[in-house]
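With our numbering applied, the sequence shown covers 39 to 325. Notes for the one structure printed next.
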Amino acid sequence: MAHFAIVGPGHAGSTLAGALKAAGHLPVGVWGRSLQTAQQLAEKLHTPVYTQPSAALSSADWIFFTVPDTLIAPVAERYARSGLILPHSVFIHLAGTWGPHILPAGWPRLALHPCVSLQGFDQSLQQAPLVAEADAPAAKVAAERIAASTGAHLLRFPGTDRATYHALCALTANLVPALLQKIAMQLRSLGFTFQEADELITSLLDSGWRAVRTKGATGFTGPLVRGDVQTVQHHLSALQNRAPGLAACYRQLSQLLLASLSEVSPAQEEKEGKNGTSSALANSLPL
Ligand SMILES: NC(=O)c1ccc[n+]([C@@H]2O[C@H](COP(=O)([O-])OP(=O)(O)OC[C@H]3O[C@@H](n4cnc5c(N)ncnc54)[C@H](OP(=O)(O)O)[C@@H]3O)[C@@H](O)[C@H]2O)c1
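Here it is in structure tokens:
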């Protein structure tokens with residue numbers, strides 16, 4: 039059992055605090071920018087609330103700086119300079135973009151990025167991937183204890199290109215759902231209920247990704263793969279009328295799919311005796 043402090047009581051801070059408390063760890067306090075927002079989390083944790091560094095920090099084994107990414111370095115620096123934090127405390131942030139080194143030197147530092155959309159106190163972290171980069175053995179041990187006690191799955195950050203890593207996470211977690219939400223709205227405007235739209239999207243997404251995950255680019259299906267130019271033309275004119283933004287996405291993503299297909303199709307086309315079909319297809323599409 040460890041003592042933990044949360045600095046930044048938003049989505050991430052609340053989710054982590056809930057999972058740590060459920061795992062038997064003890065909160066020493068919640069630090070917020072204003073008492074009002076911090077109070078809600080503090081009440082759930084039955085712990086005091088603060089807006090400035092305070093003596094309670096000295097009993098924290100783990101201090102989580104769950105503030106917006108750009109505030110992590112200045113806020114953690116201010117807390118470090120308070121002189122209230124003991125040398126054994128591990129400084130932790132959850133941002134995907136940064137490694138541990140944006141936290142102040144002099145303490146074990148840990149970047150622990152939950153690869154999951156964090157929504158609040160009652161969300162479990164069971165099976166959630168936590169991508170960790172530690173700069174000291176004590177920070178590594180903290181990551182292992184947090185993952186083991188919450189049921190999360192610890193992964194080591196494998197390289198140095200955190201900006202690309204986090205951009206890919208944002209594409210998957212934020213931008214693809216933004217596209218799916220627009221698709222759901224269009225399905226509803228065609229007359230489907232919300233539940234029906236959700237069922238259609240989930241079925242298509244699950245089966246489509248499962249096929250590509252297991253078979254690579256040969257798992258793609260649909261009119262582009264079949265070379266059905268007329269169907270693609272129908273799609274584009276329908277979308278252009280109803281939702282020009284989706285038509286633009288359709289064009290852009292079609293280019294991406296065609297590029298993936300062209301990587302596999304030469305061998306396949308040779309086998310089927312129709313050399314050059316995929317590039318001819320790419321040229322004839324209204325993209
Ligand atoms: N949400 C996710 O799905 C997710 C997933 C992975 C990683 N993360 C990471 O988690 C971190 C927090 O993101 P979030 O989504 O939880 O953001 P958020 O919901 O906006 O929460 C940020 C919290 O920090 C507080 N805060 C701002 N300045 C502060 C200060 N000087 N002292 C104390 N608290 C302060 C804010 O208070 P106010 O309410 O008063 O503004 C707010 O409660 C980021 O590094 C992010 O990259 C988030």
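Glycine included, C-beta positions come from ideal geometry on N, C-alpha and C.
Distance cut-off 7 Å: residue i Cβ against heavy atoms of ligand 1
i    : result
I130 : no
D107 : yes
A133 : yes
G51  : yes
I101 : no
R71  : yes
T85  : no
G48  : yes
I110 : yes
S120 : no
S155 : yes
H191 : no
P175 : no
T202 : no
T188 : no
T75  : yes
Presumed contact (8 Å Cβ cut-off) between residue i and residue j, rounded CB distance
i    : j    : result
F159 : L277 : Between L277 and F159 the Cβ distance is about 40 Å, and since that is not below 8 Å, they are no contact.
T104 : G48  : 6 Å
D173 : R147 : 5 Å
R116 : P152 : In fact, because the Cβ distance is near 24 Å, the residues do not count as touching under 8 Å.
D236 : A249 : Rounded, the Cβ-Cβ distance is 20 Å, inconsistent with contact.
L367 : R289 : Only positions 39 to 325 of the chain appear in the structure, and residue 367 is not among them; the question remains open.
A61  : S187 : 4 Å
L132 : L109 : About 13 Å; that fails the 8 Å criterion.
L95  : I123 : 5 Å
Q157 : T53  : 7 Å
L168 : H191 : 7 Å
Exposure of residue i, with buried meaning 16 or more beta-carbon neighbours within 10 Å
i    : result
H63  : buried
V214 : exposed
T198 : exposed
S245 : exposed
S227 : exposed
G121 : exposed
G311 : Because G311 sits at a pLDDT of 49, beneath the cut-off of 50, its placement in the model cannot be relied upon, and the following sentence gives the value as read from the coordinates. Counting Cβ neighbours within 10 Å, G311 comes out exposed, since fewer than 16 surround it.
L323 : buried
N313 : Because the pLDDT of N313 is 48, which lies under 50, any placement of that residue in the model is unreliable, and the question is left without a value.
A43  : buried
L262 : buried
T85  : buried
H126 : exposed
W145 : buried
F232 : exposed
A76  : buried
For residue i, the residue or residues it bridges with in DSSP
i    : result
L64  : H41
L192 : L168
F103 : V45, H131
H151 : V169
Y88  : W69
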